[in-house]
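In our numbering, the protein residues as written are 1 to 386. Every residue gets a Cβ at the ideal spot worked out from N, C-alpha and C, and that includes glycine. Predicted, not measured: the structure shown is a model, and the values here were computed from it. Heads up, the thing below is written out as structure tokens.
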Ligand code: BGC
């Protein structure tokens, strides 16, 4: 017998993207010098076509980010044309009655800010704060949810601990400093926005994986897991819990932690980039987040699957476990699939295809994947059939 699993009224059904990964031709960004996305999906000029897909897929919400490097190409000079461009984008979403979740920091910086040492120095927070407040003033009438930082721990880990992303440093000392600067930055901007508007909704997009020890018998692996969990999953939320209106959860996979801190993926079902697909994990993570008592939005969840063999079940199974968590009292209010369209993936070029909509290369033609229509049906009905 099939079961109909109903989602709460007013549930947000959305998709997510980030500016640098789709816009293209962002020559002002620090990533452009490091691993250029080039023309990416040319979303900058094709955004209306892409937003048409949101509507065709019955989505009522969209998470996007704004590119600081475009808005403030030169230190202290806000580019009027770019401000107009993003206003046009946000207005376009509003006209389609799509709720807007706007991210301010999604891994990239203007080149001039990178030269100053990014968030390594406390005094540099001033520049991002100035940008964030400017964006708030410009778009407060058009934004429903604000995300100040995307995955602060993923950023710190990749840029300062394993040293893969710019500025490619490997220093526990710096990682710790940047992490705490990100905590402070979040708190400060949260307060700035709330001073201007008490009803504003501000959160973080927090990446939390479902983690287990590599070997349950190994005390060393269990200790590494405990430290990783505390730093990766708990620390930021504990430090900012008085400065959040909601939690955004980015959930992708299960991984195993081996002493000292190596990450392993195992399992029967792997994505194109070797991440284990483990839908129950989102349920365990949500149950853990319940203690914070905030509304929760799944701000990212998706799978690299060029041939679209896994995505339909991926969506179905994750939504099943989300539904179960909701029924056990976790306040999940929305789901944003990563991603609306295929995009440039950090250090992987176009080799990780996360899109509901395929972006063909080099034509950049958009083609919906079958799984997109499966998701569209759920969004339209506000229920899932299992
Ligand atoms: C990031 C996205 C990225 C996705 C898939 C998340 O960590 O926020 O920018 O594309 O994962 O790797």
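*State yes or no: is the C-beta of residue 325 within less than 8 angstroms of the C-beta of residue 283?*
yes
*Taking only runs of the alpha helix (DSSP H) that begin and end inside the region 28-88, which ones reach a length of at least 4 residues, in chain order?*
30-34, 43-56 and 68-71
*Measuring alpha carbon to alpha carbon, tell me which of 127, 54, 116 and 264 ends up nearest residue 72.*
127
*Is there at least one non-hydrogen atom of ligand 1 closer than 7 angstroms to the beta-carbon of residue 151?*
yes
*Tell me, which residues are paired with residue 338 by DSSP?*
16
*If you compare alpha carbons, which of 314, 154, 280 and 77 is closest to residue 110?*
77
*What first and last residue would you give for the alpha helix (DSSP H) that runs through residue 262?*
Looking at the DSSP string, residue 262 is not in any alpha helix (DSSP H); the run it does join, the beta strand (DSSP E), is 262-264.
*Would you kindly work out how many angstroms separate the C-alpha atoms of residue 290 and residue 84, rounded to a whole number?*
40 angstroms
*Between residue 62 and residue 93, is the Cβ-Cβ spacing less than 8 angstroms?*
yes
*What number of angstroms, rounded off, separates the C-alpha of residue 351 from the C-alpha of residue 226?*
33 angstroms
_Supposed contact pair residue 5 and residue 379 - C-beta distance, whole angstroms, cut 8 angstroms_ = Contact doesn't hold; Cβ gap of about 14 angstroms is too wide.
*Excluding the five sequence neighbours on either side, which residues of its own chain have a C-beta within less than 7 angstroms of the C-beta of residue 178, listed in chain order?*
119, 120, 156 and 160
*Look up residue 325 in the DSSP assignment and say whether it is helix, strand or coil.*
helix
*Pick out whichever of 189, 261 and 52 has its Cα sitting closest to the Cα of residue 172.*
261
*Give a yes or no on whether the C-beta atoms belonging to residue 344 and residue 356 are separated by under 8 angstroms.*
no
*Any heavy atom of ligand 1 closer than 7 angstroms to the Cβ of residue 106?*
yes
_Can you tell me where the alpha helix (DSSP H) holding residue 373 begins and where it ends?_
370-381
*Going by the beta-carbon positions, is the gap between residue 129 and residue 66 smaller than 8 angstroms?*
no
_Alpha carbons only, please: which of 241, 286, 205 and 377 is nearest the one belonging to residue 102?_
205
*According to DSSP, is residue 157 helix, strand or coil?*
helix
*Under a three-way DSSP split, which group does residue 103 fall into?*
strand
*Using a threshold of 8 angstroms, state whether the C-beta atoms of residue 281 and residue 210 are closer than that.*
yes
*asked:* Here's the rule I'm using: 16 or more other beta-carbon atoms within 10 Å means buried, otherwise exposed. How should residue 24 be labelled?
replied: buried
_Beta-carbon gap between residue 203 and residue 247 smaller than 8 angstroms_ = yes
*Drop a sphere of 10 angstroms on the beta-carbon of residue 164, count the other beta-carbons inside from all chains shown, and report buried for 16 or more, exposed for fewer.*
exposed
*residue 254 lies in the beta strand (DSSP E); which residues open and close that run?*
254-258
*Local conformation of residue 353 per DSSP, three classes*: coil
*Under a three-way DSSP split, which group does residue 96 fall into?*
coil
_residue 358 versus residue 17: straight-line alpha-carbon distance, rounded_ = 14 angstroms
*Limits of the unbroken alpha helix (DSSP H) element including residue 138*: 125-139
*Would residue 240 pass as a contact of residue 194 if the rule is Cβ separation under 8 angstroms?*
no
*Would you tell me roughly how many angstroms separate the C-alpha atoms of residue 367 and residue 90, rounded to the nearest one?*
24 angstroms
_Burial state of residue 27, where buried means 16 or more other Cβ atoms lie within 10 Å_ = exposed
*Which ranges does the alpha helix (DSSP H) cover as unbroken runs of at least 4 residues, wholly within the region 267-319, from first to last along the chain?*
280-289
*Pick from 300, 318, 314 and 322: whose alpha carbon is nearest that of residue 340?*
300
*Would you call the CB atoms of residue 297 and residue 333 closer than 8 angstroms?*
yes
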